[in-house]
Amino acid sequence: MADARTDILARIREALKVKAPRPHLRAEPGDPSPSKAGRPWLPDGGETREASLTILAEQLAKLKAVLLRVPDRAAAAKALADLAGAKGWKRVASHSDSLLEEVNAALPCEVWPVSRDFDKRRLEACDAGVTTCECLVAQLGSALVSSRSSGGRALSILPHAHVIVATADQVVPDLADALAKVRAGNGGEMPSMLSFITGPSRTGDIERILVLGAHGPKELHVILIG
Amino acid sequence: MRISLFVPCFVDQLTPRVGVAAAEVLTRLGHEVEFREAQTCCGQPSFNSGQWDVARPAAVRALEVFRGAEAVVGPSGSCVAMMRVFYPQLLEGTPHEAEARDLASRTFEFSEFLVRRLGVEDVGARFAKKVTYHDGCHALRELRLKEEPRRLLRAVKGLELVETEEAESCCGFGGLFSAKFPMISTAMVQVKGGALLRTGADYVVSSDPSCLLQIGGWLSREGKPVLPLHIAEVLARRD
Amino acid sequence: MSDPKSIFLKDAAVTSADAPQRAFIRKALGGYYVNRDLQKARYRDWERARDAAAMAKWSAVNDLAANLEKFTANFERNGGKVHWARDAAEAREIILRLVRQAGAKSIVKSKCMTSEEIHLNDALEAEGFGVVESDLGEFIQQLRKEPPYHFVFPCMHVKREAISELFTQHLGTPPTDSPEELTMIARRHLRQMYVDADVGITGANFLVAETGQISITENEGNARLTAALPRVHIALSGIEKVVASLDDLSVLLPMLATAGAGQPMTCYNTFYSGPKRRDEPDGPEEFHLVLLDNSRTRILADPEQRDSLHCIRCGACLNVCPIFKNIGGLAYGTTYQGPIGSVITPHLRGLKQWNHLSGASSLCGACTDACPVRIDLHHHLLHNRRNAAKENPTWFDRIFHRSFLFVTSRPALFSLGGKAFRAFLPLLKKLPVPYMSAWLKTRDLPEAPAVSFRDQWKKGAGRG
Chain A
10 MADARTDILA RIREALKVKA PRPHLRAEPG DPSPSKAGRP WLPDGGETRE
60 ASLTILAEQL AKLKAVLLRV PDRAAAAKAL ADLAGAKGWK RVASHSDSLL
110 EEVNAALPCE VWPVSRDFDK RRLEACDAGV TTCECLVAQL GSALVSSRSS
160 GGRALSILPH AHVIVATADQ VVPDLADALA KVRAGNGGEM PSMLSFITGP
210 SRTGDIERIL VLGAHGPKEL HVILIG
Chain B
176 MRISLFVPCF VDQLTPRVGV AAAEVLTRLG HEVEFREAQT CCGQPSFNSG
226 QWDVARPAAV RALEVFRGAE AVVGPSGSCV AMMRVFYPQL LEGTPHEAEA
276 RDLASRTFEF SEFLVRRLGV EDVGARFAKK VTYHDGCHAL RELRLKEEPR
326 RLLRAVKGLE LVETEEAESC CGFGGLFSAK FPMISTAMVQ VKGGALLRTG
376 ADYVVSSDPS CLLQIGGWLS REGKPVLPLH IAEVLARRD
Chain C
763 MSDPKSIFLK DAAVTSADAP QRAFIRKALG GYYVNRDLQK ARYRDWERAR
813 DAAAMAKWSA VNDLAANLEK FTANFERNGG KVHWARDAAE AREIILRLVR
863 QAGAKSIVKS KCMTSEEIHL NDALEAEGFG VVESDLGEFI QQLRKEPPYH
913 FVFPCMHVKR EAISELFTQH LGTPPTDSPE ELTMIARRHL RQMYVDADVG
963 ITGANFLVAE TGQISITENE GNARLTAALP RVHIALSGIE KVVASLDDLS
1013 VLLPMLATAG AGQPMTCYNT FYSGPKRRDE PDGPEEFHLV LLDNSRTRIL
1063 ADPEQRDSLH CIRCGACLNV CPIFKNIGGL AYGTTYQGPI GSVITPHLRG
1113 LKQWNHLSGA SSLCGACTDA CPVRIDLHHH LLHNRRNAAK ENPTWFDRIF
1163 HRSFLFVTSR PALFSLGGKA FRAFLPLLKK LPVPYMSAWL KTRDLPEAPA
1213 VSFRDQWKKG AGRG
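Protein chains in written order, with this note's numbering: chain A, 10 to 235; chain B, 176 to 414; chain C, 763 to 1226.
In structure tokens form, the structure reads like this:
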């Protein structure tokens, strides 16, 4: 008996010998690439940097994420320290990064850096995770984090709050731009995890009523520099 | 224009006044209306039941009946959708396919014909009542008619048009579905009927006599004061 | 009387008569309609975006073999391992073997309808493996020992009081009527599970051929945790989930969220391409993907309904379906409820046994209008009905429709028959006439007119 892979691929090839009609489209696609053809019809991500920043701020607000715009790294460090103080955070987890080193410097509590094979329980007990990101997507209010640039997989999901520190030049208009940036930035090997985070964790599973912080962070703060 | 009237079989037998009203409106607009007496049923009940080999001869009969007609106009979104959308599919790959496509291009739902083909909105009707309009699903989604009947109703003198909440939801008729799955069909008309009653309208108007059979049948059983009325009947009124 | 159709008729009769429960479901969906419309309004052209999404899936499905081979090569280059399963039994066997090899003591799972399709939890539990559903809705359904009610909103039919009672009984927590508190109870309980589990099982929403990544869509963060903390990550996916390029997701991810849940984007859309890399601090050591056929190639072999493999499982068709809203998700008796379930279940489980779901539709078409990838859903219900009538004709249907055709092919006979029908209608209403008596249980029929349209026409009616 042939192995399952051979069998399934043979079934597929046999099935595809008969062509299927195209879907009933409303208009002929202007571009032969389906994804490029869709881009002009998706939500707007802004034509200019300022427009993108405005859309990003609106989207984050609707998502119940908190956006803090600051002029420079020093102001970012102060904003983060104020936040930690106001929330009464005792221990914050972070990862090694030159930007974060400066921004975390003023924190009034313990800063615990995740390292290889860190203790999961210890991370779970942290009040917040502070990470950088690959980019921010204005169109949808999303932040793209990765296992390479944001301290692995758990740091941005396990602690009770998540703080993303980003610079204004990291804001891209739409999802297609974000994906292009990822591809260009990572060359041959993608990080093992890339995650678009769009607002704090949420669920509507009980009577379709929105509750924040289902399993992931209850709070999402974005500190945007510049 | 010479217009060939397409009167669905159950309108012919159960609500002939709808066919009479449609003919009256078209005649008043100065058109010559004919009724080809060889017509009976378009075959939709069999088609929807999966009996395509039974529906096919019915469709071929309809092609013969309406051969040469300049415009075929029917006061039913559902039966017109059968001819326009489903005949070409049903007869695909048969010698009748080309004629089915040709008939499809000459067949119109009543309100569609008035607004899109004749460019008429005010037919000179007067009907001083509060009405709400029910979209039949075939008219709405197979024929993409939404504004046409509303424009006609808005032009009726004295008529107040109010919208029903969730206007686009189905009344639960669905042909034989209403009798094969009566409990689901009834649940659907309860929802629809409740929304219609909340409008406070005197009449529920539709371009689909089959929806009116379902909605009217439920309203009557429940002893509700709202009455079903076909749009052709409204447009024929001068009171 | 335990065939699927009899069970369906019995269950649907009960649920469709439960007015308070139907009102509860309608109310629960109310917020969805508002949010969906708000999000759709942000699209510069929703209809043309649907065109693009439909074409992305159409081109992927119609080049499925090449896309799967490319995906597999890239996935394995990234360090993962692909396992192919012809059917549910093979998929269960593969996963059991992987779980045994991992020496698993506890397994945590995120939402995966494909695992419901193959009854994975039963198989794992039969072998003594404890498995915990981590999606809140699935967790609640697991405690209730009930399948998901809706494949995106698994426990939307359960009231908060029942959930509170369930948690008190199983977790020993005090009663509460706050959805927030109930969610926090589940959160606290499940956090330990992620930390302790050796194996995490997830589904996949998309497989990207170009990069070998799998994409997982969720709101709660439970899939993120499931794929972050355990030592082994096993993903299970149908073969139809593959798309050609990463760019396709720039269209499909927002549309999935908007159509299915009325969101701009779901909270977490995560691409995985392999186990933990050397320069990363955490993540699983092993990453396996089980690719399942389980009759999908049968749908593929039907070009007329091949587009039902475009489905991205957003649930939009359920949310707008008047049948779903009135009979509820459990009455279907299927893994996939609603219009898409009625279309594909006959292919997955047999047309003869499951065609009744295609019959149980008014063909209103709300589903087709709602589908972000333009699956011709309500017309496929007609196609299933046609195929069933051809494969398994019933004598009643044959006689009924043939007789009807005999009469309607002869205008004089039709006219005469109509006259007789109208004359005897008052009597017929009192007799057990098929179809008519079912109608008359809840609805009236109008009084029959004395003269038909055709006879009035002969006398000059309608011409001024």
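For every residue, glycine included, the Cβ atom is placed at its ideal position computed from N, Cα and C.
Residue nearest to residue i in terms of C-alpha spacing, selected from the options
i, options, result
"B/Ala279", "B/Gly333, B/Val247, B/Pro183, B/Thr307", "B/Val247"
"A/Leu76", "A/Ile173, A/Gly194, A/Ser210, A/Lys190", "A/Ile173"
"C/Arg1111", "C/Ala835, C/Leu944, C/Gly841, C/Asp849", "C/Asp849"
"A/Ser236", "A/Pro43, A/Asp12, A/Gly160", "Outside the modelled stretch of chain A, which goes from 10 to 235, sits residue 236 of chain A, for which no answer is possible."
"B/Val182", "B/Tyr308, B/Leu402, B/Arg203, B/Phe210", "B/Phe210"
"C/Leu978", "C/Glu1002, C/Trp808, C/Asn1031, C/Asp813", "Note that residue 978 of chain C is Ile in the sequence shown here, rather than Leu. If we check each option's Cα against that of C/Ile978, C/Asn1031 comes out closest."
"B/Glu419", "C/Gly1045, C/Lys921, C/Arg788, C/Glu879", "Outside the shown range of chain B (176 to 414) lies residue 419 of chain B, about which nothing can therefore be said."
"C/Ile976", "C/Pro992, C/Arg1160, C/Gly842, C/Gly1222", "C/Gly842"
"B/Asp297", "B/Thr307, B/Ser286, B/Val306", "B/Ser286"
"B/Gly368", "B/Ile406, B/Ile390, B/Gly350", "B/Ile390"
"A/Arg192", "A/Gly150, A/Val27, A/Glu59, A/Cys144", "A/Cys144"
"C/Ala818", "C/Leu1015, C/Asp958, C/Pro1208", "C/Leu1015"
"A/Phe127", "A/Ala66, A/Lys87, A/Leu164, A/Arg35", "A/Leu164"
"B/Thr269", "B/Ala303, B/Arg325, B/Trp227", "B/Trp227"
"B/Thr307", "B/Ala370, B/Gln264, B/Leu293, B/Ala300", "B/Ala370"
"C/Asn1088", "C/Pro766, C/Thr777, C/Lys767", "C/Thr777"
"A/Ser42", "C/Val796, C/Asp813, C/Met1198", "C/Asp813"
Classification of residue i by the beta-carbon crowding that lies within 10 angstroms, buried from 16 upward
i, result
"C/Thr1156", "exposed"
"A/Ile232", "buried"
"B/Phe283", "buried"
"C/Asp1010", "buried"
"A/His33", "exposed"
"B/Ser360", "buried"
"C/Phe873", "The amino acid at residue 873 of chain C is misidentified as Phe; the sequence shows Lys. Buried, because 16 or more other Cβ atoms sit within 10 Å of the Cβ of C/Lys873."
"C/Glu887", "exposed"
"C/Lys1192", "exposed"
"C/Gln1025", "buried"
"B/Thr215", "buried"
Supposed close pair residue i, residue j - CB separation, criterion 8 Å
i, j, result
"C/Leu1143", "C/Val844", "With 8 Å as the limit, C/Leu1143 and C/Val844 do not qualify as a contact, their Cβ atoms being about 35 Å apart."
"A/Lys227", "A/Ser210", "7 Å"
"C/Gln783", "C/His912", "Incorrect: roughly 14 Å between the Cβ atoms, too far for contact."
"C/Lys921", "C/Ser896", "Contact flag wrong, Cβ pair sits at about 22 Å."
"A/Gly194", "A/His171", "Actually they do not touch by this definition, with Cβ atoms about 22 Å apart."
"A/Ala185", "C/Ser1012", "4 Å"
"C/Ala811", "A/Leu51", "6 Å"
"B/Asp383", "B/Ser251", "6 Å"
"C/Ala815", "C/Val1135", "5 Å"
"C/Thr945", "C/Leu905", "Between C/Leu905 and C/Thr945 the Cβ distance is about 14 Å, and since that is not below 8 Å, they are no contact."
"C/Glu1047", "C/Val994", "7 Å"
"A/Ala90", "A/Pro117", "6 Å"
"C/Gly1236", "A/Ser156", "Nothing can be reported for residue 1236 of chain C, as the shown portion of chain C is limited to 763 through 1226."
"C/Thr1027", "A/Thr207", "In the sequence on display, residue 1027 of chain C carries Met and not Thr. Their Cβ separation, rounded to whole angstroms, is 4 Å, which keeps C/Met1027 and A/Thr207 in contact under 8 Å."
"B/Lys305", "B/Gly375", "7 Å"
heavy atom of the ligand PLP below 7 Å from residue i C-beta
i, result
"B/Glu323", "This structure simply doesn't include the ligand PLP, nor any ligand for that matter."
So if I threshold CB-CB distances at 7 Å, which residues from the stretch 1049–1074 of chain C count as touching chain A?
Asp1055, Thr1059, Leu1062, Ala1063, Pro1065, Arg1068, Asp1069
Mind checking the stretch 964–985 of chain C against chain A and listing, in chain order, the residues whose C-beta falls within less than 8 Å of any C-beta there?
Thr973, Gln975, Asn981, Glu982, Gly983, Asn984
Counting Cβ pairs, one atom from each stretch, are 3 or more of them under 8 Å apart for the stretch 1116–1128 of chain C and the stretch 1058–1076 of chain C?
no
Contacting positions in the stretch 1155–1171 of chain C - beta carbon closer than 9 Å to chain B
Pro1155, Asp1159, Arg1160, Phe1162, His1163, Arg1164, Phe1166, Leu1167, Val1169, Thr1170, Ser1171
Given 8 Å, three or more beta-carbon pairs between the stretch 193–211 of chain B and the stretch 1196–1210 of chain C
no
Under 8 Å: do the stretch 952–963 of chain C and the stretch 982–1001 of chain C share three or more Cβ pairs, one atom per stretch?
yes
So does the stretch 1176–1186 of chain C actually touch the stretch 178–197 of chain B, counting three or more Cβ pairs closer than 8 Å?
yes
Hey, is the stretch 1209–1223 of chain C in contact with the stretch 192–201 of chain B, meaning 3+ C-beta pairs nearer than 8 Å?
yes
Residues in the stretch 1176–1197 of chain C with C-beta within 7 Å of chain B's C-beta atoms, listed in sequence order?
Phe1176, Gly1180, Phe1183, Arg1184, Tyr1197
Counting Cβ pairs, one atom from each stretch, are 3 or more of them under 8 Å apart for the stretch 317–327 of chain B and the stretch 1155–1172 of chain C?
no
Do the stretch 1062–1069 of chain C and the stretch 333–347 of chain B meet, that is, are 3 or more Cβ pairs less than 8 Å apart?
no
What residues in the stretch 808–822 of chain C have a beta carbon less than 7 Å from any beta carbon of chain A?
Glu809, Arg810, Ala811, Asp813, Ala814, Ala815, Ala816, Met817, Ala818, Trp820, Ser821
Residues of the stretch 1029–1044 of chain C with a CB closer than 7 Å to any CB of chain A: list them in chain order, please.
Cys1029, Tyr1030, Asn1031, Thr1032, Phe1033, Tyr1034, Ser1035, Gly1036, Pro1037, Lys1038, Arg1039, Asp1041, Glu1042, Pro1043, Asp1044
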